[in-house]
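With the sequence shown counted from 1, adding 70 to any position gets you the working numbering.
Backbone N, C-alpha and C fix where the C-beta goes; we use that ideal spot for every residue, glycine too.
Some notes on the structure that comes next.
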Amino acid sequence: MNGWRQRLQALFRAVVADLDPRAATAAALRGRFPDPAAVRLLAIAFGKAARPMAEAVVAAGPWASLRGLVVPPAPDAAELPPFAVIPGGHPLPDAGSLAAGARALDLARGAGPDEMVLFLVSGGGSALLEQPADPAVPLAELRALYAALVGCGADIRAVNTVRRACSAVKGGRLLLAAAAARARVSIAVSDVPLEAAGTLASGPTEPDPGTAGECRAVLDHFALWPAVPPALRARLERGDLPPGPGPSHPVWARSEFTVALDPRHALHQLVQRARRLGLRVVAEPGVDDLPYGLAAARLLARLDRLRRRRAGRAVAIAAVGELSVRLPPAPGQGGRNQQFALHCARAIRGLPIAVLSAGTDGIDGNSPAAGAVADGTTWARARRLGLDPSAHLHRCDAFPLFAALGDAVVTGPTGTNVRDLRLVVHCG
71 MNGWRQRLQA
81 LFRAVVADLD
91 PRAATAAALR
101 GRFPDPAAVR
111 LLAIAFGKAA
121 RPMAEAVVAA
131 GPWASLRGLV
141 VPPAPDAAEL
151 PPFAVIPGGH
161 PLPDAGSLAA
171 GARALDLARG
181 AGPDEMVLFL
191 VSGGGSALLE
201 QPADPAVPLA
211 ELRALYAALV
221 GCGADIRAVN
231 TVRRACSAVK
241 GGRLLLAAAA
251 ARARVSIAVS
261 DVPLEAAGTL
271 ASGPTEPDPG
281 TAGECRAVLD
291 HFALWPAVPP
301 ALRARLERGD
311 LPPGPGPSHP
321 VWARSEFTVA
331 LDPRHALHQL
341 VQRARRLGLR
351 VVAEPGVDDL
361 PYGLAAARLL
371 ARLDRLRRRR
381 AGRAVAIAAV
391 GELSVRLPPA
401 PGQGGRNQQF
411 ALHCARAIRG
421 LPIAVLSAGT
431 DGIDGNSPAA
441 GAVADGTTWA
451 RARRLGLDPS
461 AHLHRCDAFP
471 LFAALGDAVV
481 TGPTGTNVRD
491 LRLVVHCG
């Protein structure tokens, strides 16, 4: 079993290396600007892949003129001429996030009719680039709202319905600020499903499909009103929010949105890499945004059915997507991937099954890990170390357990973000 835990760690690292945002952005740029030397370009890059995407733009030159802004996750403040670099906070916005949001809006508003505007958008941009809908909202109150949203158990669509309504950047408002430009192009390294592209980074360059009423419904359903800053609460209650460009707004006539890399690419690479290990692999599309326990039950049941049909062969179920976790009042150190893996470890005790769950961005919750691997020995090995896996699971504190076992997947930030990957393997 230990061999499979090691193989899954190596497999995940290989898949992440395949998902190169710099190369994907370069491919998306190719042919879009046949003569860069004739193009005056303003580029605004934000999200976990902001730096490699911006590097691809610099390499695609020389441009007639090139300026702009790069907003990577803090503490990455390394210079990237000719761009300004303002790192932001994640998963909660910080002062850098607000400074970056203000700078991005200023740059977009200053774009002239002889200039193209290129938005390089990647996952994590919701927190990294922000300005509240009401300038009177203090940072501490905005952070409290984000923390409540992340921990309430809502799926990403519901979370972003609230974020868009409460922001001066999201819901197409950043793109609208660049309405005077000659044209606007968005290139995305996306951590959301293709059909939900408008939710990437809460849609700063896409139409807002939500309404103030839908935002209020989410706040009602998840009992989030106490976390809403008073200034925003008053505006939400009276429907007084910054207008965003609806789908029929004329700004979309000269605006494009293209996806360079997304979860489909991640799942394809995972399946291909797993098959090279000799596994019979089937993709499972039906677990995205599910609660982690339900997702585990569904994937393990699908694995069992596949095993029965393929007796004697090593088989696997592959999945991509994020899971929801309702956090306790004082959670420990971990994230949704490690929580899923530890839940699976309890379900597969003594069985020849191994599980990988990790985020392609290299970050899982409040831990230094991307995720974890587990197998049928994980629960017993933890107990032999004097750990109580049930207690770790209950308090969402999976990282210390997996770190002690040597089964935390630690890559550091990867510079990409195309959702979380899971592989459950019956080892035959």
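Helix, strand or coil: which one does DSSP assign to P355?
Coil.
Can you find at least 3 beta carbon pairs, one from the stretch 207 to 217 and one from the stretch 239 to 253, that sit closer than 8 Å?
no
Should R243 go down as buried or exposed, given a rule of 16 or more other Cβ atoms within 10 Å for buried?
buried
Look at D290 and G314 and say whether their C-beta atoms are less than 8 Å apart.
no
Count the other C-beta atoms from every protein chain shown that fall within 10 angstroms of the C-beta of T448, then say buried if there are 16 or more, exposed otherwise.
buried
The beta strand (DSSP E) that contains R252, what's its start and end?
Unbroken run through R252: none, as it is neither H nor E.
Starting from G326, follow the beta strand (DSSP E) in both directions and report where the run begins and ends.
Note that residue 326 is Glu in the sequence shown, not Gly. It spans 325 to 331 - the beta strand (DSSP E) in which E326 sits, taken as one unbroken run.
In the DSSP output, which residue or residues are listed as bridge partners for M186?
L111, A253
What residue does the alpha helix (DSSP H) around V141 start on, and which one ends it?
Segment 135 to 141 is the beta strand (DSSP E) holding V141; no alpha helix (DSSP H) there.
Around the Cβ of P296, are there at least 16 other Cβ atoms within 10 angstroms (buried) or fewer (exposed)?
exposed
If you draw a straight line from the C-alpha of E307 to the C-alpha of P299, how long is it?
12 Å
Is it true that the CB of V259 sits closer than 8 Å to the CB of P333?
no
Check whether the stretch 121 to 139 touches the stretch 466 to 478, counting contact only when three or more Cβ pairs, one atom from each stretch, lie closer than 8 Å.
no
Three or more beta-carbon pairs under 8 Å between the stretch 146 to 160 and the stretch 111 to 124, yes or no?
A contact is defined here as three or more CB-CB pairs under 8 Å, and the stretch 146 to 160 meets this definition with respect to the stretch 111 to 124.
Give, in chain order, every unbroken run of the alpha helix (DSSP H) that is at least 4 residues long and sits entirely within the stretch 278 to 338.
282 to 291, 300 to 308
Let's see if you can read the secondary structure: which residues bound the beta strand (DSSP E) around V495?
490 to 496
Does the Cβ-Cβ distance between R372 and I387 come in under 8 Å?
yes
Would you identify the three-state DSSP class for L393, choosing helix, strand or coil?
Secondary structure at L393: coil, using DSSP grouped into helix, strand and coil.
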